[in-house]
Amino acid sequence: MNKTVRIVLNGQEREVAAGSMLASALLTLGVRGFRRSVKGELRGPLCGMGVCQECRVTVDGRPHSKCCMIVCRDHMKVETE
Amino acid sequence: MTRRDCEVLVLGAGPAGIAAACCAGESGRQVILTDENPACGGQIWRAQRGAMHTRADVQHAADLWLTRLGRCGASVLSGATAFDADAALHFVRFETDRGVEEIHYSALILATGARERLLPFPGWTRSGVYAAGGLQALVKGGFRIDGQRILVAGTGPLLLAAAGMLGAHGGEVLMILEQAGWRSLTRFGLHLAGFPDKLLQAATLMVQAGVVPYRPGWWVCEAGGNGPLEWVAITDGKRTVRVDCDMLALGYGLVPNSELARLMGCRTTGSSAAPGAHFVDVDARQKTSLDGVFACGEITGIGGAELSLAEGSVAGYAACGHWHEVDRVAPLRNCLARQVHAMDSAFALRDELRAAVTPDTLVCRCEDVPAAELAGFGSWREAKLGSRCGMGPCQGRTCGPAVEFVWGWSAESVRPPITPVRLGSMSDQP
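Here it is, written out as structure tokens:
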């Protein structure tokens, strides 16, 4: 029960619930700024279902990844803005 | 690019798509069911992740259908985002982790569901402001909200469901603001009286939300804080009150995800009562205006999971030409549809919601376009070209319905790719 996986968030290793969605895991870790808007506002998840594009982060080097659609994997590298 | 062929292609693995795939698969057809998400279930049956628990009745329905899906012979393609389609050449293109897949079909069933309608007001872009269903999805995905103070606001019965769910997962729901006034709600209640099942459902939802103040005739006019959300200003048009909270969950009804249907040329119908909603027109057999293309679930009209299952069953059998089975399952769909549409008028959006949009309020969240920059334009097209409103990665899915409500401009035709894809996916030819 309550298995965890380790992700690397902005260079730091963090433990998150195994099987959780990346957006959910980051929110649980207390992350509130996921990306910067074109005018520099910090934004975070809004629609939770892949439509609004507000939760985009860089995952394993791939920018603009909608993290509400991605399941956490061990050793996943995540960068927020 | 890889190419695949099937007899029946079903897009969207929520209740409507699952029912359609089951009925077509059990009819002996070779079926492919696709979804953008990592797992089947759609929003309502979204898998609970990260050691969360599920409401027993919802889980039961989901288990029954997912078991049936597993046995019907349909193959499931998850994590596949449809970005282009051609009705004349009978194919849909998907972006997947493995590259582009082009799936050719004899019959196509569209069950692409709905998203939440959000309306702008100062501060709605702050981190901590969520779509109500979006917050539910995030919680199901493993977001722990224990002890978080949550304000739920917007319109419609889904607010009650959201509040109940968020409370059950440890959130402290402070209040539910329903923009419709008591008078509209009474009308809604009267409509419900004729439909015992719906009354029961609504009552159940009310009980779940029981201990939480329910305030008809109130709405949010500002979300404030030093960075992330710290407080919300609420109003009934006469008074304005500030409420401290950690999260705001918003929902002003649902808008169908009919972009792919519109790209393919399916006829749709809009309604001034549902700004931004282009519902796909279907006949009694769930067939769209295009031959061989069927549609079911929320893209044909907002009706919930039960109606979606009934419509999906009709579409699944109709796509196989099994008219006897269609006639068997159609009466249930007709009965559910009558009940559902009786409640449409009760939650009409009040005019004052437009006044919450101040000149500085960002309307387009992708391109950060404030309301002031939209002054002077005469159409959605002019506004897009002149201000970049709706030109960002969400392609107007969030701001489009809001713009239609506030300025009255309806969205224009849809072009491929209907969602952002990697550059390579566009040039990846068979």
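Listed in order, the protein sequences are those of chains A and B.
Each residue of the first sequence is one higher than the one before, counting from 1 in the numbering used here.
Each residue of the second sequence is one higher than the one before, counting from 1 in the numbering used here.
From the three backbone atoms N, C-alpha and C, an ideal C-beta is built for every residue, glycine too.
According to DSSP, residues forming a beta bridge with residue i
i                : result
Gly217 (chain B) : Bridge partners of Gly217 (chain B): none, in fact.
Gly224 (chain B) : B:Trp231
Ala249 (chain B) : B:Tyr130 and B:Val152
Ser184 (chain B) : According to DSSP, which records beta bridges pairwise, Ser184 (chain B) is partnered with nothing at all.
Ala107 (chain B) : B:Val8
Ser271 (chain B) : B:Ala274
Arg333 (chain B) : Note: Arg333 (chain B) sits in no beta bridge, so no partner.
Val92 (chain B)  : B:Ala85 and B:Ile103
Lys77 (chain A)  : A:Val8
Gly362 (chain B) : One point to set straight first is that residue 362 (chain B) is Leu, not Gly, in the sequence displayed. Bridge partners of Leu362 (chain B): B:Pro370.
Ile32 (chain B)  : B:Leu9 and B:Ser75
Asp244 (chain B) : B:Trp231
Thr2 (chain B)   : B:Glu101
Nearest neighbour of residue i, chosen from the options [CA to CA]
i                : options                                   : result
Glu352 (chain B) : B:Trp219, B:Gly147 and B:Arg115           : B:Trp219
Thr34 (chain B)  : B:Ala82, B:Ala180, B:Arg117 and B:His169  : B:Ala82
Leu166 (chain B) : B:His324, B:Glu259, B:His278 and B:Ala131 : B:Ala131
Met21 (chain A)  : B:Cys6, B:Pro38 and B:Glu412              : B:Pro38
Cys40 (chain B)  : B:Leu89, B:Gly12, B:Leu332 and B:Gly386   : B:Gly12
Val421 (chain B) : B:Cys6, B:Gly227 and B:Glu95              : B:Glu95
Gly134 (chain B) : A:Glu41, A:Lys77, A:Cys52 and A:Cys72     : A:Cys52
Leu177 (chain B) : B:Ala402, B:Asp146 and B:Gly217           : B:Gly217
Gly301 (chain B) : B:Glu325, B:Gln339, B:Met264 and B:Ala319 : B:Gln339
Asp236 (chain B) : B:Ala261, B:Arg215, B:Gly304 and B:Ser345 : B:Arg215
Val326 (chain B) : B:Arg365, B:Ala284, B:Gly304 and B:Glu116 : B:Ala284
Glu79 (chain A)  : A:Met69, A:Gly40, A:Glu41 and A:Gly33     : A:Gly33
Gly50 (chain A)  : B:Glu404, B:Leu110 and B:Pro393           : B:Pro393
Gly251 (chain B) : B:Ala180, B:Val243, B:Lys238 and B:Gly265 : B:Ala180
Leu69 (chain B)  : B:Thr186, B:Gly321 and B:Glu26            : B:Glu26
Val403 (chain B) : B:Met426, B:Asp368 and B:Cys364           : B:Cys364
Ser257 (chain B) : B:Ser272, B:Val243 and B:Gly276           : First, the amino acid is wrong: residue 257 (chain B) is Asn here, not Ser. Checked all of B:Ser272, B:Val243 and B:Gly276; the closest Cα to Asn257 (chain B) is B:Gly276.
Ala87 (chain B)  : B:Ala107, B:Gly147 and B:Phe279           : B:Ala107
Gly154 (chain B) : B:Ala348, B:Phe377, B:Ala168 and B:His322 : B:Ala348
Ser425 (chain B) : B:Gln43, B:Glu102, B:Ala61 and B:Ala168   : B:Glu102
Arg350 (chain B) : B:Arg328, B:Ser272, B:Ser427 and B:Val329 : B:Ser272
Neighbourhood of residue i by C-beta, 7 Å cutoff - its chain only, sequence neighbours within 5 removed
i                : result
Glu259 (chain B) : Val414 and Ile418
Ser379 (chain B) : Trp409
Gln286 (chain B) : Phe294, Ala295, Cys296, Glu311, Val314, Ala315 and Ala318
Asn10 (chain A)  : Glu79 and Thr80
Met175 (chain B) : Leu151, Val212, Pro213 and Arg215
Ser37 (chain A)  : Arg43
Gly147 (chain B) : Gly170 and Glu172
Gly19 (chain A)  : Val71
Residues of its chain near residue i, where Cβ-Cβ distance is below 8 Å and the 5 sequence neighbours each way are ignored
i                : result
Thr240 (chain B) : Cys221, Ala233 and Ile234
Glu54 (chain A)  : Phe34, Arg35, Arg43, Gly44, Pro45, Leu46 and Cys47
Trp65 (chain B)  : Pro15, Ile18, Ala19, Cys22, Trp45 and Leu309
Leu229 (chain B) : Gly123, Arg126, Ser127, Gly128, Val129, Ala223, Cys245, Asp246, Met247 and Leu248
Proximal residues to residue i (C-beta, below 6 Å), its chain only, five neighbours per side dropped
i                : result
Leu336 (chain B) : Glu306, Leu307 and Ala310
Val406 (chain B) : Arg354 and Val357
Ala25 (chain A)  : Val16 and Cys72
Tyr105 (chain B) : Cys6, Leu9 and His90
Phe195 (chain B) : Caution applies to Phe195 (chain B), whose pLDDT of 45 falls short of 50 and renders its modelled position unreliable; the value that the coordinates give is listed next. Correct list, in chain order: Gln339.
Pro359 (chain B) : Ala371 and Ala372
Arg149 (chain B) : Glu172, Leu174, Cys245 and Asp246
Ala24 (chain B)  : Val8, Val31, Gly316, Ala319 and Cys320
Gln136 (chain B) : Ala162 and Met165
Ala51 (chain B)  : Any reading at Ala51 (chain B) must be qualified, since the residue scores a pLDDT of 48, below 50, and its modelled position is unreliable; no value is offered.
Gly292 (chain B) : Ala107
Gly303 (chain B) : Val340
His64 (chain A)  : Arg56
For residue j and residue i, believed in contact at Cβ under 8 Å, the rounded distance
i                : j                : result
Val173 (chain B) : Val152 (chain B) : 6 Å
Arg262 (chain B) : Asp281 (chain B) : In fact, because the Cβ distance is near 11 Å, the residues do not count as touching under 8 Å.
Thr361 (chain B) : Ala371 (chain B) : 5 Å
Cys399 (chain B) : Gly390 (chain B) : 6 Å
His278 (chain B) : Gly270 (chain B) : 5 Å
Lys77 (chain A)  : Val8 (chain A)   : 5 Å
Gly253 (chain B) : Arg98 (chain B)  : So it is not a contact: roughly 37 Å between Cβ atoms.
Cβ of residue i within 7 Å of any chain E Cβ
i               : result
Thr58 (chain A) : Of the protein chains in the structure, A and B, none is chain E.
Query raised in the report: Within the chosen definition, does the region 58–75 of chain B reach the region 54–67 of chain A through at least 3 CB pairs nearer than 8 Å?
Result: Output reads no: the region 54–67 of chain A does not touch the region 58–75 of chain B.
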